[in-house]
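Last residue of the sequence shown: 173 (numbering that gives the first Met the number 0), numbering continuous. Ideal Cβ positions, reconstructed from N, Cα and C, are used throughout, including at glycine. To start, the structure itself, in structure tokens.
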Amino acid sequence: MTYGHPMDGAQWLASCQRRPEDAYAAWRESPYLARLPAGKAWDALRVPQPLGLTVLWELGDLAEKVPVLEEHAKPRPVFYILTEPGTAADWPDAEDARMVSTGEDLHMPSPGADGITGVQHHSFLWRVPPDGSGRLADPDVLRTAVALARNCDRQAERVRAARAVFYASRRRGR
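Have a look at this one:
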């Protein structure tokens with residue numbers, strides 16, 4: 000869903016709240032998180048960080064354009080990739096990739112929040128903050144990316160590519 004008038008990421012997120020001013024108030028006080036309802040402006044795919052990193056790799060350039068919230072939860076961090084509302088209705092339920100939708104809330108920092116505040120007061124940070132455009136992950140593209148990310152050969156390919164970049168940067172630094 001995109002809006003006809005310019006909106007920043009905080010306005011877009013706050014508009015999910017029945018009273019947007021409540022979101023702004025929550026972002027001004029510790030722990031600096033607003034409790035926002037899923038299912039109105041977005042659903043969110045919750046995946047463990049390792050799978051999430053591979054899904055983002057599969058999304059390619061799109062991964063830098065859709066909101067991704069990272070939670071440093073115990074025992075392992077998770078990603079929430081925001082997608083179109085209603086996606087949960089036909090998303091296959093799986094232990095490693097679950098939709099958060101209508102009737103559920105997510106705690107979210109302001110899109111403009113810095114990582115230091117997150118580390119000091121809560122466990123959330125925006126890997127890719129919403130920009131106010133309303134741009135979300137296309138459900139079909141996201142479904143394909145998850146399927147590819149679960150493929151062991153594709154995972155190995157991603158690890159090899161990451162290692163190649165890492166070792167190339169180390170050689171340049173010498």
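In the DSSP assignment, aspartate 21 falls within the unbroken alpha helix (DSSP H) covering 19-27. DSSP, reduced to helix, strand and coil, places histidine 120 within a helical segment of the structure shown.
Closest in C-alpha terms to proline 91, from the list Val145, Ala25, Leu68 and Pro74, comes Val145.
Taken in chain order, the complete alpha helix (DSSP H) segments of 4 residues or longer contained in the segment 56-135 are 114-120.
Bounds of the beta strand (DSSP E) holding aspartate 42 are 42-47. Secondary structure at proline 30: coil, using DSSP grouped into helix, strand and coil.
For a cut-off of 8 Å, the C-beta gap from glycine 111 to leucine 124 is around 12 Å, too long to register as a contact.
In this chain, aspartate 7 is not harboured by any alpha helix (DSSP H), its DSSP state being neither H nor E. Pairing proline 47 with valine 77 gives a Cβ-Cβ distance under 7 Å. Beta-carbon to beta-carbon, serine 109 and alanine 9 are separated by about 5 Å, close enough to satisfy the 8 Å threshold. Taking a contact as a CB-CB distance under 8 Å, the pair glutamate 83 and proline 138 counts as one, their CB atoms being some 6 Å apart.
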